[in-house]
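Engineer: Heads up: the sequence shown begins at 41 in this note's numbering, then just goes up one per residue.
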Amino acid sequence: MRSSDKLPGYLKWAPIPATGFAIAACWLGAKADKYGDSLMMKEVADTYSEQVDFLLGNIPVLEKETTGDRVADIILDKLSEFVKVRYLSCQLSSAYTRYRFEPLAGQKVSLVEKYSLDLQAKLKCQTAPVISLDTTINIDVPRSDRIFYDYDTNMTRPTGKIVGLIGRGVDGSCIACDFSQATTCHMFVGGCTGSGKTALIVSLVRSLVDWHTANQVRIAVIDTKGVDFGFFKDIEGYSWAPCANSLEDAIALLEKVSYEMDRRKEILSDAGCSDIDEYNEKTANNQLFYLFLIDDEVTDLSASGDKKIKEKSCYLLSKIAREGRAFGIRLIVGTQKPMAKLVPSEVRDNLAVKIAFATTTKAEGKLITGQMTPSHLLLGKGDGFFTTPGTGLIRFQSLLVCDRAQIAKDKPKLTPLPFPDPRLHPLSIEQQQIVINIWKQTKRKWKTISIVWGYSKAGRKGSASYEASIIFDNLINVHKTTAVDNRKKNS
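#1: Under a Cβ-count criterion, where at least 16 other Cβ atoms within 10 Å of its own Cβ denotes burial, should Leu454 be classed as buried or exposed?
#2: Would you mind stating whether Ile171 and Glu153 have Cβ atoms separated by less than 7 Å?
#3: Is it the case that the Cβ atoms of Ile165 and Thr400 are separated by a distance below 7 Å?
#4: Between Trp479 and chain D, is any beta-carbon pair separated by less than 7 Å?
#5: Leaving out five residues before and five after Leu128 in sequence, what residues of the same chain have Cβ atoms less than 7 Å from its Cβ?
#6: For Phe436, which of Ile187, Lys352, Arg110, Lys296 has the nearest alpha-carbon?
#7: Give me, in chain order, the residues of the same chain whose beta-carbon lies closer than 8 Å to that of Pro169; leave out the 5 immediate sequence neighbours on both sides.
#8: So Met227 is in the beta strand (DSSP E); what residue range does that whole segment cover?
#9: Helix, strand or coil, according to DSSP, for Asn178 in the structure here?
#10: Take Met379 and list the residues in its own chain whose beta-carbon comes closer than 7 Å to its own, dropping the five residues that flank it on each side.
#11: Using only the alpha-carbon positions, how far apart do Thr223 and Asn517 sit?
#12: Compute the distance between the beta-carbons of Val387 and Ser358, then report whether it is under 7 Å.
#13: According to DSSP, is Pro466 part of a helix, a strand, or is it coil?
#14: CB-CB under 7 Å to Ile115, same chain, minus the five flanking residues each way: which ones, in chain order?
#15: According to the Cβ coordinates, are Leu294 and Leu244 closer than 7 Å?
#16: Counting C-beta neighbours from all protein chains within 10 Å, is the total for Thr522 16 or more, i.e. buried, or is it exposed?
#17: Under a three-way DSSP split, which group does Tyr75 fall into?
#18: Considering Cα atoms alone, identify which of Pro429, Phe459, Lys124 is closest to Gly146.
#19: Can the beta-carbon of Ile369 be found closer than 7 Å to that of Met301?
#20: Where DSSP assigns a beta bridge to Glu83, which residues make up the other side?
#21: Run the CB neighbour count on Pro414, radius 10 Å, all protein chains shown included, and call it buried at 16 or more, exposed below.
#22: Between Glu363, Pro460, Thr193, Glu337, which lies nearest to Tyr495 when the distance is taken from Cα to Cα?
#23: Please report the straight-line C-alpha distance between Ala112 and Cys130, rounded to a whole angstrom.
#24: Out of Trp479, Leu248, Arg500, Asp218, which one is the CA nearest neighbour of Phe512?
#25: Shortest alpha-carbon distance to Leu464 belongs to which of Gly424, Ile474, Ser505?
#26: Could you tell me the alpha carbon to alpha carbon distance between Met41 and Pro57, rounded to whole angstroms?
#27: Which residues mark the beginning and the end of the beta strand (DSSP E) in which Tyr136 is found?
#28: Identify the continuous beta strand (DSSP E) that holds Ala216 and give its terminal residues.
#29: Taking a contact to mean a Cβ-Cβ separation below 7 Å, would you say Thr428 touches Val393 in this structure?
#30: For Lys520, count neighbouring C-beta atoms within 10 Å of its own C-beta (all shown protein chains included) and say buried if the count is 16 or more, exposed if not.
#31: Hey, quick one: how far does the alpha helix (DSSP H) through Ile114 stretch, first residue to last?
#32: Would Phe228 and Leu391 be called neighbours here (beta carbons separated by less than 7 Å)?
#33: Thr224 by DSSP, collapsed to three states: which one?
#34: Alpha carbon to alpha carbon, how far is Phe425 from Lys402?
#35: List the whole-angstrom C-beta distance separating Val297 from Val338, where the pair is believed to meet the contact cut-off of C-beta under 8 Å.
#36: Assign Tyr191 to one of two classes, buried (16 or more other C-beta atoms within 10 Å of its C-beta) or exposed (fewer than that).
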């Protein structure tokens, strides 16, 4: 007989309430634990809150960095999204304001140039700012009140032997090119219609005339448009040949320049000289001048529909670009279409000085300068990039020659220079006065003789330079004596 059979009947149901009590006890215990945990967590949270309040009360709040310039602040705020930089300065130019930023250590800035359109939207300007990199990050924001520079005949001549004006830089300083240097002897100018190519070349011609004498520089022009260089025919002392206005005349002029280059090659070879400068230093008589050949739109020749003209011009241009440096031949060409199929690479690659004005695409800027150039963002009307071998892009504004006919009028006394052999051609009264006027400006004997006759040093007795020296001495002595006598009479 089992023991459970002996228990009272009500005890058989005892496990049921016991189980219920156990479940209730577990539930109450869990609830008590949860309540205890919540009290503990609340205590910890209160402790953390007190600590945070303490820290916030004792650590100063950092305010957002400001430069004091609204535009600079906007640029800085935008740049901070992808690169950390420090604002340095801003500089007002004729067409834009340049903001300079310095990247902080460890920052990669090679992609900064891609954010030009983002900055345009942020700044709400009509034209995207030009971003360039050198020792700093330069961001050029266009001005709404753009100004232009006029050519000034009283401009100080930059240092250099054969100097041509390019324009003015961001700070307004004069930017020039010394064409006597081996690395800056030829120039290639590109840009779309209205970008400023012709204005640059005209101001360059003006500076060559203003800063040099006719025995130092001569100029030949190919103007197939026939409208931009009409003034050139009046610069008789500096014009090496009549302006070529047709394709046939242009080919004839190129052949003439090629012949002159071959002639000079023989002269230098006979003299044992390697270039024009060495020859002129050794030779007092018959010195060679620098010859500038200018073509405002070279593709009229290099991309001509006439196959013979195209092949002949490409050959001659390539020859002049390759060999002209040593013989004092300088080639300056411009084009609206810098594509390789229109301007042969053997011509373009030998033109070391590159100038890019506004273009329709960024790819055209690279074709002109040989490096990534944001020329498609330039403002036009003389806004351009200038670069030479070994240098970066320099942004500049070309100068405007308001009255091109004045180029010839400003130099009436230099058109007959240099004078012919003094042993065969005595000076007229007018020529004597020209010598005196030039001497008053230079205050130096051989500087005057160099300008008037083209002789830089004295030669042997009986030579042309010796005779020029004697004529100069006699002329100046008479002038001084006459001036003294006049002062005595007036006193």
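Note that the Cβ used here is the ideal one computed from N, Cα and C, for glycine as well.
Structural biologist: Short version:
#1: Working through the sequence shown from its first residue, we reach residue 454 at position 414. With a pLDDT of 40 at Leu454, under the threshold of 50, the modelled position of this residue cannot be trusted; read the value that follows with caution. Its Cβ being crowded by 16 or more others within 10 Å, Leu454 is buried.
#2: Position 131 of the sequence shown, counted from the first residue, corresponds to residue 171. Position 113 of the sequence shown, counted from the first residue, corresponds to residue 153. Contact: yes.
#3: Taking the sequence shown and counting its residues from 1, the one referred to as residue 165 is at position 125. Taking the sequence shown and counting its residues from 1, the one referred to as residue 400 is at position 360. Note that residue 165 corresponds to Cys in the displayed sequence, not to Ile. No, Cβ-Cβ distance for Cys165 and Thr400 is not below 7 Å.
#4: Here there is only one protein chain, and chain D is not present.
#5: Within the sequence shown, residue 128 is the residue found at index 88, counting from 1. The residues are Arg140, Phe141, Glu142, Thr176.
#6: Within the sequence shown, residue 436 is the residue found at index 396, counting from 1. When each option's Cα is compared against that of Phe436, the closest is Ile187.
#7: Counted from its first residue, the sequence shown places residue 169 at position 129. Hits under 8 Å: Tyr136, Ser156, Leu159, Gln160, Leu163, Ile179, Asp180, Val181, Pro182, Leu417.
#8: Mapped onto the sequence shown, residue 227 falls at position 187. It spans 227-230 - the beta strand (DSSP E) in which Met227 sits, taken as one unbroken run.
#9: Here the question's residue 178 lines up with position 138 in the sequence shown. Correct three-state label for Asn178: strand.
#10: Here residue 379 corresponds to residue number 339 of the sequence shown, with the count starting at 1. Only Leu407 meet the Cβ criterion.
#11: Indexing the sequence shown from 1 puts residue 223 at position 183. Indexing the sequence shown from 1 puts residue 517 at position 477. Cα to Cα, the separation comes out at about 45 Å.
#12: As a position in the sequence shown, residue 387 is number 347, starting the count at 1. As a position in the sequence shown, residue 358 is number 318, starting the count at 1. Yes, the Cβ-Cβ distance between Val387 and Ser358 is below 7 Å.
#13: Walking along the sequence shown from the start, residue 466 turns up at place 426. Three-state DSSP puts Pro466 in coil, outside helix and strand.
#14: Here residue 115 is taken as the residue at index 75 of the sequence shown, counted from 1. Closer than 7 Å at Cβ, skipping near neighbours: Tyr139, Leu159, Ile179.
#15: Taking the first residue of the sequence shown as 1, we reach residue 294 at position 254. Taking the first residue of the sequence shown as 1, we reach residue 244 at position 204. Taking 7 Å as the Cβ cut-off, Leu294 and Leu244 do not qualify as a contacting pair.
#16: Translated into positions along the sequence shown, residue 522 becomes position 482. So Thr522 ends up on the exposed side.
#17: Looking up residue 75 in the sequence shown gives position 35. Three-state result, Tyr75: helix.
#18: Taking the first residue of the sequence shown as 1, we reach residue 146 at position 106. Closest by alpha carbon: Lys124.
#19: The residue given as residue 369 occupies position 329 in the sequence shown. The residue given as residue 301 occupies position 261 in the sequence shown. Yes.
#20: Indexing the sequence shown from 1 puts residue 83 at position 43. Under DSSP, Glu83 takes part in no beta bridge, so it has no partner.
#21: One-based indexing of the sequence shown puts residue 414 at position 374. Its Cβ being crowded by 16 or more others within 10 Å, Pro414 is buried.
#22: Here residue 495 is taken as the residue at index 455 of the sequence shown, counted from 1. Checked all of Glu363, Pro460, Thr193, Glu337; the closest Cα to Tyr495 is Pro460.
#23: Here the question's residue 112 lines up with position 72 in the sequence shown. Here the question's residue 130 lines up with position 90 in the sequence shown. C-alpha separation (whole angstroms): 8 Å.
#24: Stepping through the sequence shown from its first residue, residue 512 is reached at position 472. Here the closest residue by C-alpha is Trp479.
#25: Residue mapping note: residue 464 aligns to position 424 of the sequence shown, counting from 1. Out of Gly424, Ile474, Ser505, the CA that lies nearest to the CA of Leu464 is found in Ser505.
#26: Counted from its first residue, the sequence shown places residue 41 at position 1. Counted from its first residue, the sequence shown places residue 57 at position 17. With a pLDDT of 48 at Met41, under the threshold of 50, the predicted position of this residue should be treated as unreliable, though the coordinate-derived value follows. Between Met41 and Pro57, the C-alpha separation is close to 27 Å.
#27: The count along the sequence shown starts at 1 and reaches residue 136 at position 96. Residues 136-143.
#28: Within the sequence shown, numbered from 1, the residue matching residue 216 stands at position 176. Taken as a continuous stretch (DSSP letters only), the beta strand (DSSP E) holding Ala216 covers 214-218.
#29: Looking up residue 428 in the sequence shown gives position 388. Looking up residue 393 in the sequence shown gives position 353. Yes, these two residues count as a Cβ contact at 7 Å.
#30: Here residue 520 corresponds to residue number 480 of the sequence shown, with the count starting at 1. Looking at its Cβ environment, which holds fewer than 16 other Cβ atoms inside 10 Å, Lys520 is exposed.
#31: By one-based count along the sequence shown, residue 114 stands at place 74. Counting along the chain, the alpha helix (DSSP H) containing Ile114 begins and ends at 110-119.
#32: Residue mapping note: residue 228 aligns to position 188 of the sequence shown, counting from 1. Residue mapping note: residue 391 aligns to position 351 of the sequence shown, counting from 1. Yes; because the gap between Cβ atoms is below 7 Å, this pair is in contact.
#33: Sequence index remark: in the sequence shown, residue 224 carries index 184 (1-based). Thr224: helix per DSSP, three-state reduction.
#34: Walking along the sequence shown from the start, residue 425 turns up at place 385. Walking along the sequence shown from the start, residue 402 turns up at place 362. Roughly 13 Å between the two C-alpha positions.
#35: Residue numbering aside, residue 297 sits at position 257 when the sequence shown is read from its first letter. Residue numbering aside, residue 338 sits at position 298 when the sequence shown is read from its first letter. Incorrect: roughly 14 Å between the Cβ atoms, too far for contact.
#36: What you label residue 191 is simply residue 151 of the sequence shown in a count that begins at 1. The residue in question, Tyr191, is buried, as its Cβ has 16 or more Cβ neighbours within 10 Å.
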